[in-house]
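Q: To get this note's numbering, take the position in the sequence shown, counting from 1, and add 7.
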Amino acid sequence: MQNDGTAFAVGITNLSAFLTATFDGLVTATEVHLLYPGLNDSTIITEIIKDFLFLCPAELWSGGHERLLLFPGAGAWHSSELFEVFGTFNRSTATAAEATLSGTMQTLIANFIKDPMAEPVPNWPKYVLGNTTTTLVMLAYSGNVVASNVVQAVESDPITLLVKVSPPS
């Protein structure tokens with residue numbers, strides 16, 4: 008099976024250095040080897056990249072759009088959010104949550120475009136260089152579609168490493 012993380016891991020072979028640069032010492036190579044048993048360091052790096060860029064977001068998005076799944080466990084596919092982002096979804100069959108989600112996504116993006124240094128919404132913590140606090144933004148997860156509910160703590164079986172490297176809320 009193709010690993011979508013491979014293209015992003017070209018030239019990265021040192022697992023310890025990758026973990027330090029990516030997670031700032033929150034997880035060790037020994038801990039990660041337990042999560043990815045039997046894999047060499049280079050393969051683990053591509054797996055982590057795949058999990059964080061593709062698997063975790065798909066898992067999070069699929070929870071909020073179960074009725075849209077092509078088949079059970081399909082998850083979110085690339086570009087599945089574009090209808091809401093551009094407001095081109097079918098309004099005659101859309102739920103109220105989908106309409107709200109579309110408006111929320113458009114507001115967040117527009118606010119970022121207006122001022123990339125400002126918070127997109129009041130409760131979204133501003134990124135501070137060097138700050139070790141991690142904020143995971145979950146939009147459209149478990150019915151969470153309004154801007155005032157953008158930030159939530161997350162725990163999910165498929166994202167064990169994400170939970171491990173995220174500080175407690």
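C-beta: ideal position from N, C-alpha, C; glycine also. Keep in mind the model is a prediction, meaning the values are calculated, not measured.
Work out the CA separation of Pro44 and Pro165 for me, nearest whole Å.
A: Looking up residue 165 in the sequence shown gives position 158. Looking up residue 44 in the sequence shown gives position 37. In this predicted model, Pro165 has a pLDDT of only 44, less than 50, meaning its place in the structure is not dependable enough to derive any value.
Q: Three-state secondary structure (DSSP) at Ile120?
A: One-based indexing of the sequence shown puts residue 120 at position 113. Ile120: helix per DSSP, three-state reduction.
Q: Expressed to the nearest angstrom, what Euclidean distance is found between the alpha-carbon atoms of Leu60 and Gly12?
A: Taking the first residue of the sequence shown as 1, we reach residue 60 at position 53. Taking the first residue of the sequence shown as 1, we reach residue 12 at position 5. Their backbone Cα atoms lie some 8 Å apart in a straight line.
Q: Starting from Ala101, trace the alpha helix (DSSP H) both ways and give me its first and last residue.
A: To locate residue 101, count along the sequence shown from 1; it is residue 94. First-last for Ala101: undefined, no H or E at that position.
Q: Over what stretch of residues does the alpha helix (DSSP H) that includes Thr37 continue unbroken?
A: Your numbering for residue 37 matches position 30 in the sequence shown. Ala36 to Leu42 is the extent of the alpha helix (DSSP H) around Thr37.
Q: Could you check which residue in Thr20, Phe93 and Val92 has the C-alpha nearest to that of Leu2?
A: Any question about residue 2 goes unanswered here, given that the chain covers just 8 to 176.
Q: Using the C-alpha atoms, what's the distance from Leu41 back to Thr35?
A: Stepping through the sequence shown from its first residue, residue 35 is reached at position 28. Stepping through the sequence shown from its first residue, residue 41 is reached at position 34. Each residue's alpha carbon lies about 10 Å from the other.
Q: Would DSSP call Asp31 helix, strand or coil?
A: Translated into the one-based positions of the sequence shown, residue 31 becomes position 24. Residue state, collapsed to three classes: coil.
Q: Give the straight-line distance between the Cα atoms of Met8 and Glu54, rounded to the nearest whole angstrom.
A: Here residue 8 corresponds to residue number 1 of the sequence shown, with the count starting at 1. Here residue 54 corresponds to residue number 47 of the sequence shown, with the count starting at 1. Low local confidence applies: a pLDDT of 40 at Met8 is under 50, so the model's placement there is unreliable, and no value is given.
Q: Leaving out the 5 sequence neighbours to the left and right, which residues in its chain are closer than 8 Å to Ala24 when beta-carbon positions are compared?
A: Counted from its first residue, the sequence shown places residue 24 at position 17. Cβ within range, chain order: n/a, list empty.
Q: Under three-state DSSP, which class holds Gly94?
A: Along the sequence shown, one-based indexing puts residue 94 at 87. Gly94: coil per DSSP, three-state reduction.
Q: Taking the Cβ atom as the reference point for each residue, do Ile56 and Phe15 lie within a distance shorter than 9 Å?
A: In the sequence shown, residue 56 corresponds to position 49, counting from 1. In the sequence shown, residue 15 corresponds to position 8, counting from 1. Their beta carbons are under 9 Å apart, which means Ile56 touches Phe15 by this criterion.
Q: For Pro64, which of Gln113, His85 and Phe93 has the nearest alpha-carbon?
A: One-based indexing of the sequence shown puts residue 64 at position 57. Ranking the options by Cα distance to Pro64, first place goes to His85.
Q: Rounded to a whole number of angstroms, what is the C-alpha to C-alpha distance between Glu91 and Leu168?
A: In the sequence shown, residue 91 corresponds to position 84, counting from 1. In the sequence shown, residue 168 corresponds to position 161, counting from 1. Each residue's alpha carbon lies about 29 Å from the other.
Q: Going straight from the alpha carbon of Gly32 to that of Asn118, what length do you get?
A: Within the sequence shown, residue 32 is the residue found at index 25, counting from 1. Within the sequence shown, residue 118 is the residue found at index 111, counting from 1. Spanning the two alpha carbons is a distance of roughly 33 Å.
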